[in-house]
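K.L.:
Last residue of the sequence shown: 560 in my numbering, with the numbers rising by one and none dropped.
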Amino acid sequence: MASVFAMRKQDEAPGALHRPIFQQLKAHQEVMAAIHMRDLFAADPARFERFSLQAGELLLDYSKNRISDETMAMLVRLAEEADVAGWRERMFHGDKINNTENRAVLHVALRNRGNHPVFVDGEDVMPKVNGVIERMGVFAEKVRSGEWRGYTGERITDVVNIGIGGSDLGPQMVYQALKPYRHPRLRVHFISNVDGAHVKETLEALNPETTLFIVSSKTFTTQETMTNAHYARDWLLTQSQAEKHVAKHFVAVSTNRGAVTAFGIDPANRFEFWDWVGGRYSLWSAIGLSIVLAVGAERFIELLEGAHQMDEHFRHAPLARNMPVILALLGVWYNNFFGAESHAILPYDHYLRSLPAYLEQADMESNGKSVDRDGNVVDYPTGQIIWGATGINGQHAFYQLLHQGTRLIPADFIVSVEPHTELQEHHDILIANFLAQTEALMRGRTLEETQAQTGQAAPYKVFDGNHPSNAILLQKLTPHALGMLIALYEHKIFVQGVIWNLDSYDQWGVELGKQLASRILPELHAGVPVGGHDASTTALINYYRRMSHRHTGI
Ligand code: G6Q
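Dropping the structure here:
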């Protein structure tokens, strides 16, 4: 299926934008570019009702966007012509839509709480999925209740997840988001960086007798993770002095049974998942074990149920009333028609402070691609640059550029109506700021208004406004609402990938650097000067060899 952008005649350049709907949208953008959102609001008191949508406990207000009914109708046609509905069915059905790796894409099966059968290669995956969830729950309960003891008979107080990328960012973000629900005795730590400072600093504060490690690695070959896991194993053995204790303090989450056993982990304590779970979509799988340990199986299931509710909404709601589709289309609108290069994620919630980093991976590793699923080089912008931080801190840092810079940066504001603390005054201040920011970004302040308000007609006090934003309001940051929120973004990414005709589920762009690093590693301490790289890399390697020799003597 060719994308709406990539439909081309034989003699045209690859990726030519030739679908009539694209040309229509281009012409329409020229009209919309000249209109200020404050005029759209002034002309239509029902704009909020028109451009907002509720799904479960999530409210999306997208009225502060540079859109009209006509814009949305055309964007929905774009989605129809890209066959979003067809691709969506293929994904849910277990078709191998990750074509460069010949894999199904079934994170939705991991939270298929309706439990209807989902087939991969003729096998219903649900019994295995449910089996692992069950095992995770049983194991977590043993640790949480104190039945599972360390090698000296002490209860576990600290859980350390060793993993990187998809085996780190998801569980870490969710653990942080659900901290109010965590078991009072259990602290969870995440080690990802192969910079020794990360593992050292984390373990310094821990007691091997009461520490449980989860080695989370789909492949169990990832250099950073395995280096840290071996260090942690040695750290335990230095104190416990017997190999047999490894089994009490290490469990694994992996698809690689052999490597897990070779590491000394009891195969009974390997929690499996499957090749149809992409790393950055894996927090719903056994990769979420640290979450289950922290908040318990029941809460984890609520997280899955929330995601499932969003899956159902995404699967069944008409495209024009479909939250992930709307977010995706708005992103395409700014990316491909307004030339916006980035998109900011601005949670007004301390517990969601890792969401921007999580979405950076989810989005940019999925859609940061310049070759389409048919192997053609695209000639249109694809994945946006995703970035952000907690909004309230951002206000005192980078919002200057959002308000008065030269770039158009659409933003998502994410807020919870009910706070987790009883500090209502704090919460009201937070909410007032969120509202003020979206209002200011949209309305701006004209020169006349500036003069009237400040007594000065100073151009540097003028705000152009017309900066688009979405507001996503959660009733409360519960496991269920969080599940819905994450699934919302996953499907938004998927829809954009379909429109751009990408395979959003591979990540070949991470390969080359890994390959080069394994060649360079032994060169760092070679006895003679190395060559064979470009002049810069060769000189840097040799500089490092000389200078580090001085201090390590290697
Ligand atoms: C995510 C990527 C990547 C992956 C890590 C860790 O989609 O595939 O971030 O999760 O490279 O891989 P392992 O789980 O195999 O260690």
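Glycine included, each C-beta is placed from N, C-alpha and C at the ideal position.
Find out if the Cβ-Cβ distance for the pair valine 200, tyrosine 181 is shorter than 7 Å.
P.N.:
Numbered from 1 along the sequence shown, position 194 holds the residue referred to as residue 200. Numbered from 1 along the sequence shown, position 175 holds the residue referred to as residue 181. The answer is no: Cβ separation not under 7 Å.
K.L.:
Assuming contact is defined by CB atoms lying nearer than 7 Å, are valine 113 and tyrosine 364 in contact in what I supplied?
P.N.:
Locating residue 113 in the sequence shown gives position 107, counting from the first residue. Locating residue 364 in the sequence shown gives position 358, counting from the first residue. The sequence given here has histidine at residue 113, not valine. No, Cβ-Cβ distance for histidine 113 and tyrosine 364 is not below 7 Å.
K.L.:
Should threonine 225 be counted as a contact of the ligand G6Q given a C-beta to heavy atom distance under 6 Å?
P.N.:
Here the question's residue 225 lines up with position 219 in the sequence shown. Relative to the non-hydrogen atoms of the ligand G6Q, the Cβ of threonine 225 comes within a distance shorter than 6 Å of at least one.
K.L.:
Can you find at least 3 beta carbon pairs, one from the segment 361-380 and one from the segment 393-408, that sit closer than 8 Å?
P.N.:
yes
K.L.:
Identify, in the order they occur along the chain, each residue of the same chain with its Cβ nearer than 6 Å to the Cβ of leucine 242, setting aside the five sequence neighbours on each side.
P.N.:
Position 236 of the sequence shown, counted from the start, is the residue given in the question as residue 242. Pro214 and His255.
K.L.:
Excluding the 5 residues flanking tyrosine 357 on each side, which residues of the same chain have their C-beta closer than 8 Å to its C-beta?
P.N.:
Stepping through the sequence shown from its first residue, residue 357 is reached at position 351. Gln182, Ala183, Leu184, Lys185, Pro186, His426 and Leu483.
K.L.:
Measuring only from the beta carbon, is glycine 172 closer than 6 Å to any heavy atom that is part of the ligand G6Q?
P.N.:
Here residue 172 refers to the residue found at position 166 when the sequence shown is read from its first residue. Answer for glycine 172: yes, Cβ within range of the ligand G6Q.
K.L.:
Is any heavy atom in the ligand G6Q found nearer than 6 Å to the beta carbon of aspartate 247?
P.N.:
The count along the sequence shown starts at 1 and reaches residue 247 at position 241. Looking at the sequence itself, residue 247 is glutamine, so the reference to aspartate does not match. No, Cβ of glutamine 247 sits at least 6 Å from all heavy atoms of the ligand G6Q.
K.L.:
Three or more C-beta pairs closer than 8 Å, one from the segment 256-269 and one from the segment 218-227: is that the case here?
P.N.:
Yes: at least three Cβ pairs fall under 8 Å.
K.L.:
Alpha carbon to alpha carbon, what distance is there between serine 74 and asparagine 105?
P.N.:
Taking the first residue of the sequence shown as position 1, residue 105 is located at position 99. Taking the first residue of the sequence shown as position 1, residue 74 is located at position 68. Roughly 36 Å separates the two Cα atoms.
K.L.:
So what's glycine 537 in DSSP terms, helix, strand or just coil?
P.N.:
The residue labelled residue 537 in the question sits at position 531 within the sequence shown. Coil, per DSSP.
K.L.:
If you pair each beta-carbon of the segment 137-147 with each one of the segment 274-291, do three or more pairs fall below 8 Å?
P.N.:
yes
K.L.:
When burial is assigned at 16 or more other CB atoms within 10 Å of the CB, is valine 6 buried or exposed?
P.N.:
With the chain covering 7 to 560 only, the question about residue 6 has no answer from this structure.
K.L.:
Using the C-alpha atoms, what's the distance from methionine 97 back to proline 20?
P.N.:
For the purposes of this step, residue 20 is taken as the residue at position 14 of the sequence shown. For the purposes of this step, residue 97 is taken as the residue at position 91 of the sequence shown. Bear in mind that the predicted position of proline 20 carries a pLDDT of just 36, short of 50, making it too unreliable to give a figure here.
K.L.:
So does glutamine 513 have its beta carbon nearer than 6 Å to some heavy atom of the ligand G6Q?
P.N.:
To locate residue 513, count along the sequence shown from 1; it is residue 507. Yes; taking the cut-off as 6 Å, the Cβ of glutamine 513 has a heavy atom of the ligand G6Q nearer than that.
K.L.:
Who are the near neighbours of arginine 150 in its chain, counting only those whose CB is closer than 6 Å to its CB and skipping five residues on each side?
P.N.:
Position 144 of the sequence shown, counting from 1, holds the residue named residue 150. Excluding sequence neighbours, arginine 150 sits near His189.
K.L.:
Pull the bridge partners of valine 377 from the DSSP assignment, please.
P.N.:
Taking the sequence shown and counting its residues from 1, the one referred to as residue 377 is at position 371. Under DSSP, the beta-bridge partners assigned to valine 377 are Val383.
K.L.:
Does the segment 158-165 come within contact of the segment 316-332, defined as at least 3 CB pairs closer than 8 Å?
P.N.:
no
K.L.:
State whether the segment 428-447 contacts the segment 493-504, with contact taken as three or more CB pairs (one from each stretch) at a distance under 8 Å.
P.N.:
In short, these stretches do not touch, since the Cβ pair count stays below three.
K.L.:
Reducing DSSP to helix, strand and coil, say where asparagine 328 ends up.
P.N.:
Numbered from 1 along the sequence shown, position 322 holds the residue referred to as residue 328. Asparagine 328 falls in the coil class under three-state DSSP.
K.L.:
Measuring CA to CA, which of His204, Ala88, Val126 and Tyr495 is closest to lysine 102?
P.N.:
Taking the first residue of the sequence shown as position 1, residue 102 is located at position 96. If we check each option's Cα against that of lysine 102, Val126 comes out closest.
K.L.:
Taking only the alpha-carbon atoms, compute the straight-line gap between lysine 15 and asparagine 342 and give it to the nearest angstrom.
P.N.:
Locating residue 15 in the sequence shown gives position 9, where the first residue counts as 1. Locating residue 342 in the sequence shown gives position 336, where the first residue counts as 1. The predicted position of lysine 15 is uncertain, since its pLDDT is 43 and thus under 50; no value can be drawn from it.
K.L.:
Return the CA-CA distance between leucine 65 and tryptophan 290, expressed in angstroms with no decimal places.
P.N.:
Here residue 65 is taken as the residue at index 59 of the sequence shown, counted from 1. Here residue 290 is taken as the residue at index 284 of the sequence shown, counted from 1. Distance between the alpha carbons of leucine 65 and tryptophan 290 is about 23 Å.
K.L.:
Measuring from the CB of glycine 284, is there a heavy atom of the ligand G6Q at a distance below 6 Å?
P.N.:
Residue 284 sits at position 278 when you count from the first residue of the sequence shown. For the ligand G6Q, at least one heavy atom lies less than 6 Å from the Cβ of glycine 284.
K.L.:
Could you tell me which whole alpha helix (DSSP H) segments of length 4 or greater appear in the segment 480-533?
P.N.:
485-505 and 517-529
K.L.:
With distances taken from CA atoms, which of Glu304, Ile420 and Leu530 is nearest histidine 555?
P.N.:
What you label residue 555 is simply residue 549 of the sequence shown in a count that begins at 1. When each option's Cα is compared against that of histidine 555, the closest is Leu530.
K.L.:
Along the chain, where does the beta strand (DSSP E) that runs through glutamate 424 open and close?
P.N.:
Your numbering for residue 424 matches position 418 in the sequence shown. First-last of the beta strand (DSSP E) with glutamate 424: 417-424.
K.L.:
Near valine 377, which residues of its chain fall below 8 Å by C-beta distance, leaving aside the five closest residues on each side in sequence?
P.N.:
One-based indexing of the sequence shown puts residue 377 at position 371. For valine 377, same chain residues with a beta-carbon under 8 Å away, outside a window of 5 residues either side, are Val383 and Val384 in chain order.
K.L.:
Taking the beta carbon of tryptophan 282 as the centre, do at least 16 other beta carbons fall within 10 Å, making it buried, or is it exposed?
P.N.:
Within the sequence shown, numbered from 1, the residue matching residue 282 stands at position 276. Tryptophan 282 is buried by the Cβ-count criterion.
K.L.:
Looking at threonine 228 and the ligand G6Q, is the gap between the Cβ and the nearest heavy atom below 6 Å?
P.N.:
Numbered from 1 along the sequence shown, position 222 holds the residue referred to as residue 228. Yes, the ligand G6Q has a heavy atom inside 6 Å of this Cβ.
K.L.:
Given this structure, state the Cα-to-Cα distance separating valine 131 from isoleucine 168, to the nearest angstrom.
P.N.:
In the sequence shown, counting from the first residue as 1, residue 131 sits at position 125. In the sequence shown, counting from the first residue as 1, residue 168 sits at position 162. Cα to Cα, the separation comes out at about 27 Å.
K.L.:
With DSSP run on the structure shown, which of helix, strand or coil describes tryptophan 154?
P.N.:
Working through the sequence shown from its first residue, we reach residue 154 at position 148. Reduced to three states, the DSSP call for tryptophan 154 is coil.
K.L.:
Closest to valine 421 by CA distance: which of Asp89, Phe145, Tyr466 and Ala487 is it?
P.N.:
Within the sequence shown, the letter at position 415 stands for residue 421. Selected option, being the one with the closest Cα: Ala487.
K.L.:
Between histidine 34 and the rest of its own chain, which residues show a CB-CB distance below 7 Å, the 5 nearest in sequence each way excluded?
P.N.:
Mapped onto the sequence shown, residue 34 falls at position 28. Closer than 7 Å at Cβ, skipping near neighbours: Glu76, Thr77 and Met80.
K.L.:
Beta-carbon separation of leucine 325 and asparagine 71 under 7 Å?
P.N.:
The count along the sequence shown starts at 1 and reaches residue 325 at position 319. The count along the sequence shown starts at 1 and reaches residue 71 at position 65. Result no, Cβ atoms of leucine 325 and asparagine 71 do not sit closer than 7 Å.
K.L.:
Select from Pro133, His236, Asn108 and Ser296 the residue whose C-alpha is nearest the C-alpha of asparagine 118.
P.N.:
For the purposes of this step, residue 118 is taken as residue 112 along the sequence shown, with counting starting at 1. With distances taken between Cα atoms, asparagine 118 lies closest to Pro133.
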